[in-house]
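Student:
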Amino acid sequence: MKFLIFTFVGVVHLLSLGSGKAVCKHGITQRTLQEIKEEIASYEDVAKAIINLAVYGKAQNRSYERLALLVDTVGPRLSGSENLEKAIQIMYQNLKQNGLENVHLEPVKIPHWERGEESAVMLAPRIHKMAILGLGSSIGTPPEGITAEVLVVTSFAELQRRAPEAKGKIVVYNQPYVSYAMTVEYRVRGAVEAAKVGALASLIRSVATFSIYSPHTGMQEYQDDVPKIPTACITVEDAEMMSRMASHGNKIVIHLRMGAKTYPDTDSFNTVAEITGSKYPEQVVLVSGHLDSWDVGQGAMDDGGGAFISWEALSLIKDLGLRPKRTLRLVLWTAEEQGGIGASQYYQSHKVNISNYSLVMESDSGTFLPTGLQFTGSDKARAIMKEVMHLLQPLNVTQVFSDGEGVDINFWIQAGVPGASLRDDLYKYFAFHHSHGDTMTVMDPKQMNIAAAVWAVVSYVVADMEEMLPRS
Ligand SMILES: *[C@@H]1O[C@H](CO)[C@@H](O)[C@H](O)[C@H]1NC(C)=O
Ligand SMILES: *[C@@H]1O[C@H](CO)[C@@H](O)[C@H](O)[C@H]1NC(C)=O
Ligand SMILES: *[C@@H]1O[C@H](CO)[C@@H](O)[C@H](O)[C@H]1NC(C)=O
Ligand SMILES: *[C@@H]1O[C@H](CO)[C@@H](O)[C@H](O)[C@H]1NC(C)=O
Ligand SMILES: [Zn+2]
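If you count by mature numbering (1 follows the signal peptide of the UniProt record, and there is no 0), then the sequence shown holds residues -22 to -1, 1 to 450, one letter each, in order.
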């Protein structure tokens, strides 16, 4: 590469190679990509040391074992639950004992919803007890339950076409899985759309890539001007069966009972720990995962894995006696599942310093064998991240994909801060997501070692480079 042209704020900068520094229009010295490339290449030995420690050395399996200890002991960590607050206190102690700096809790008010007792029994065309999970924020049914005929649809469009048939019925959505982002609309808006056409309740096919008769819960949202109706997810198997029954002309009747209830908001915390920067302590690289989970399974995968490889990244860097120029800040978010409640609060109180956030990172799509990093940022920042990912050649995890994202870091990304998330096998992730199957059994210590090494190398190098990542 001889020279590179970058476009930012509509101005084309010609960045010369050579030894001279190109000067941008603000008169600030701008380093060429070639110089940055050489700087990043100089981290090769550090990257190898991190990889060796995490994957082959003394820290092997540590993130997995730490995670197992927490989630086997505490269990799932629903927003508003005692389990979540117990986990936060344990993590606070863990991070202190690990010798990390500035360990503290930042208060947040979070929602408190409980599913209570729930059941769904098909009464016609045959008796069949169905596996269900009420959706987060759903109201319950009256104590005697709701008994009603079913209308099965496969899309919102079909519901609109058949609106006159929906009144007084339980709407069952049997939407096919396309992608999580597209299909989750049915979980989020299914009850509102069904209520608009007069339904008494709605049951949504679980948003999952794979099913062994497993319901997958998650958040749903009511709308102020639409009546609230109870809503739950059902298994892919039952949704498909009801579609077949309906196409055979069978009348389907379900008795639904849900004891779901919303209580007043409760006190919780984002959990924070740092390795304070040696040269630019006010500048930050944030690494994160969320500590809360749904109330089923153990929340080991979503997002125990992400939270614990984030902690592991700081542990690895500390073990190697490294201190980056910028502050490396670990945040374990609270109440992500209810819509990034902890992260929203954090953004509100820290955004005054947004100009000093170099990169925000969140792992919340699994910590299986990573295929690379998803990244959102300027073209120049992306070119830099590609160089950083070259350092992970020994692990063969070098790809930089588009769309760095995470419910908790999106606040910063939307405001222009570069953002990165770990990319792995999403098919596997959404097979277990928000279900009773989200346990330590789906976690793999060797894969977590590699995920932690990737997370540590990326966060350390970006925190230690001479300059912050350039923005658009
Ligand atoms: C780490 O886990 C792997 C897979 O379970 C196992 O083979 C290996 O012995 C473990 N290493 C240590 C140090 O416990
Ligand atoms: C903003 O950054 C400064 C250091 O530059 C620090 O002293 C201050 O506490 C930060 N404020 C918040 C709200 O994070
Ligand atoms: C960001 O950090 C610089 C020093 O690196 C400092 O001068 C500036 O005040 C900080 N900005 C904010 C908003 O804290
Ligand atoms: C390295 O990763 C690429 C892309 O993820 C994959 O296609 C290839 O098989 C991997 N090579 C090895 C040796 O694992
Ligand atoms: Zn999650």
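No residue lacks a Cβ here, since even glycine has one placed at the ideal position from N, Cα and C.
All of these numbers come straight from a predicted model, not from anything done at the bench.
Between the alpha carbons of ASP422 and ILE88, how many angstroms are there, rounded?
Tutor: Distance between the alpha carbons of ASP422 and ILE88: 31 Å.
Student: What would DSSP say about GLN276, mapped onto helix, strand or coil?
Tutor: GLN276 falls in the coil class under three-state DSSP.
Student: Indicate whether VAL128 and VAL150 have their beta-carbon atoms separated by less than 8 Å.
Tutor: Cβ atoms of VAL128 and VAL150: closer than 8 Å.
Student: Confirm, please, whether the CB-CB distance from THR345 to GLY382 is below 8 Å.
Tutor: Against a cut-off of 8 Å, the Cβ pair of THR345 and GLY382 comes out as no contact.
Student: Give me the Cβ distance between SER192 and SER356, rounded to the nearest whole Å; I'm assuming they're in contact under 8 Å.
Tutor: No, SER192 and SER356 are not in contact; Cβ-Cβ is about 41 Å, not under 8 Å.
Student: Thinking GLY394 and SER327 are a contact (beta carbons under 8 Å), I'd like their distance in whole angstroms, please.
Tutor: Not quite, the Cβ-Cβ distance comes to about 18 Å (not below 8 Å), so this is no contact.
Student: Touch check for the segment 202 to 217 and the segment 165 to 180: three-plus C-beta pairs under 8 Å?
Tutor: At 8 Å Cβ cutoff, the stretches touch.
Student: Which word fits GLY114, buried or exposed, when buried means at least 16 other C-beta atoms lie within 10 angstroms of its C-beta?
Tutor: Flag for GLY114 reads buried.
Student: Short of 7 Å in beta carbon distance, which residues of its chain neighbour GLY118, apart from the five on each side in sequence? Order them along the chain.
Tutor: For GLY118, where only same-chain residues beyond five positions count, the Cβ hits under 7 Å are GLY94, PRO208, MET236, GLY237, ALA238 and LYS239.
Student: What whole-angstrom Cβ distance do SER180 and ILE148 have, given they're in contact under 8 Å?
Tutor: Right, the Cβ-Cβ distance comes to about 7 Å (below 8 Å), so this counts as a contact.
Student: What do you reckon, are the CB atoms on ALA430 and GLU290 nearer than 8 Å?
Tutor: Yes, the pair counts as a contact, with Cβ atoms nearer than the cut-off.
Student: Per DSSP, what kind of secondary structure is PHE353 in: helix, strand or coil?
Tutor: In this structure, PHE353 counts as strand in the three-state DSSP scheme.
Student: Where does GLN38 fall in DSSP's three states?
Tutor: Coil, per DSSP.
Student: Check LYS147 in the structure and name its three-state DSSP category.
Tutor: If DSSP states are grouped into helix, strand and coil, LYS147 belongs with coil.
Student: For GLN377, I'd like the list of residues in its chain whose CB is within less than 8 Å of its CB, leaving aside the five on either flank, ordered along the chain.
Tutor: Only THR349, GLY350, LEU351, MET367 and ARG401 meet the Cβ criterion.
Student: Which runs of the beta strand (DSSP E), 3 residues or longer, sit entirely within the segment 92 to 180?
Tutor: Those beta strand (DSSP E) runs which fall completely within the segment 92 to 180 and span 3+ residues are 96 to 102, 106 to 108, 110 to 112, 124 to 131 and 148 to 151.
Student: Could you tell me the alpha carbon to alpha carbon distance between ALA25 and PRO154, rounded to whole angstroms?
Tutor: Answer to the nearest angstrom: the Cα atoms are 43 Å apart.
Student: Restricting to runs no shorter than 3 residues, where is the beta strand (DSSP E) found entirely within the segment 204 to 234?
Tutor: Counting only runs of 3 or more, we get 209 to 212.
Student: Nearer than 7 Å: is that true of the beta carbon of GLN377 relative to any heavy atom of ligand 4?
Tutor: Under cutoff, so the answer is yes.
Student: Measure how close the beta-carbons of LEU306 and GLU252 come, nearest whole angstrom, since I'm counting them as under 8 Å.
Tutor: Yes, LEU306 and GLU252 are in contact; Cβ-Cβ is about 6 Å, under 8 Å.
Student: Give me every residue whose Cβ sits closer than 6 Å to any heavy atom of ligand 4, in chain order.
Tutor: Those satisfying the condition are, in chain order, THR349 and ASN374.
Student: Mapping the DSSP letters down to three states, classify PRO85 as helix, strand or coil.
Tutor: Three-state DSSP puts PRO85 in a strand.
Student: Please name the residue or residues paired with HIS90 in a DSSP beta bridge.
Tutor: DSSP, once it has assigned bridges, lists TYR241 as partnering HIS90.
Student: In chain order, what are the residues with a CB under 7 Å from some non-hydrogen atom of ligand 1?
Tutor: Matched residues: GLN38, ASN39, PRO423 and LYS424.
Student: Give a yes or no on contact between the segment 40 to 51 and the segment 76 to 90, applying the rule of three or more CB pairs nearer than 8 Å.
Tutor: Result no; under three Cβ-Cβ pairs closer than 8 Å.
Student: What is the DSSP secondary structure of ARG360, counted as helix, strand or coil?
Tutor: Correct three-state label for ARG360: helix.
Student: What are the start and end residues of the alpha helix (DSSP H) that includes HIS328?
Tutor: Counting along the chain, the alpha helix (DSSP H) containing HIS328 begins and ends at 319 to 328.
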